[in-house]
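In my numbering, the protein residues as written are 6 to 83. Glycine included, C-beta positions come from ideal geometry on N, C-alpha and C.
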């Protein structure tokens, strides 16, 4: 026995299977028109933040790795 969500999903799949390519592409265009795309400024700011935080994380892990390596050499006398 199917749950309510499974029935909805199954009926959605069946209705998609019945669409012809022209109708499908028309609906895709309608959905894409609803998308709110970020502005160039928002994209640049977000990209800058991702790069900065990734660099910060890389530096943190580099320093942490070096400290662990130093501690291991001191403990094991290598």
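Sequence-distant residues of its chain with Cβ nearer than 8 Å to residue i (five each side left out)
i, result
"residue 83", "77"
"residue 32", "24"
"residue 43", "51"
For residue i, the three-state DSSP class (helix, strand or coil)
i, result
"residue 44", "coil"
"residue 83", "coil"
"residue 24", "coil"
Between the CA atoms of residue j and residue i - distance to the nearest angstrom
i, j, result
"residue 34", "residue 27", "11 Å"
"residue 63", "residue 46", "26 Å"
"residue 81", "residue 75", "10 Å"
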